[in-house]
Amino acid sequence: MDMRSHLGRARGLGSSNDGVGHWWMQRLTGIALVPLIIWFVYSAVTMTGASHAEFSAWVGTHGNPILLILLIIAMFHHGQLGLQVVIEDYIHSEGPKLALIILTKFAAIFIGASSIFAVLRLTFGGS
0 MDMRSHLGRA RGLGSSNDGV GHWWMQRLTG IALVPLIIWF VYSAVTMTGA SHAEFSAWVG
60 THGNPILLIL LIIAMFHHGQ LGLQVVIEDY IHSEGPKLAL IILTKFAAIF IGASSIFAVL
120 RLTFGGS
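Under numbering that gives the first Met the number 0, the first residue of the sequence shown carries the number 0, and numbering increases by one thereafter.
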């Protein structure tokens with residue numbers, strides 16, 4: 000039997016003051032993705048049928064590497080934030096919840112870094 004008052008039981012259960020930053024970052028990455036996705040889809044359509052050499056040349060010109068890297072960062076960060084919300088909402092055991100959140104963060108970082116490395120390699124002459 001719990002002998003604490005209602006106020007005593009409620010203390011410590013309030014806001015952690017962390018959700019607002021997470022919410023804003025998800026909105027900002029979503030807004031950033033709109034023009035980046037439009038640019039990427041347009042570029043992909045215009046590059047249809049291009050050879051590997053033509054694609055490599057396209058990646059290295061006209062600010063395309065910067066836009067590709069921004070797209071990769073925004074896309075993987077936005078995806079990781081969304082998956083974190085789903086995990087926090089639907090996984091109720093603390094151990095598996097923490098493990099899945101850490102796994103999604105590491106996966107987003109690893110795959111994002113690999114993608115950025117590929118863009119840089121194409122940009123600076125690697126094939």
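By construction, the Cβ of each residue, glycine as well, lies at the ideal position given by its N, Cα and C atoms. Being a predicted model, the structure only gives us computed values, none of them experimental.
Check whether residue i and residue j have beta carbons under 7 Å apart
i	j	result
T103	L121	no
I65	I115	no
I68	V118	yes
L99	I110	no
A107	Q79	yes
Distance between residue j and residue i (C-alpha atoms, nearest Å)
i	j	result
I90	T45	43 Å
G48	F39	16 Å
G94	V84	16 Å
Q25	L97	20 Å
Counted within 10 angstroms of its Cβ, other Cβ atoms place residue i as buried (16 or more) or exposed
i	result
H5	exposed
M74	buried
V58	buried
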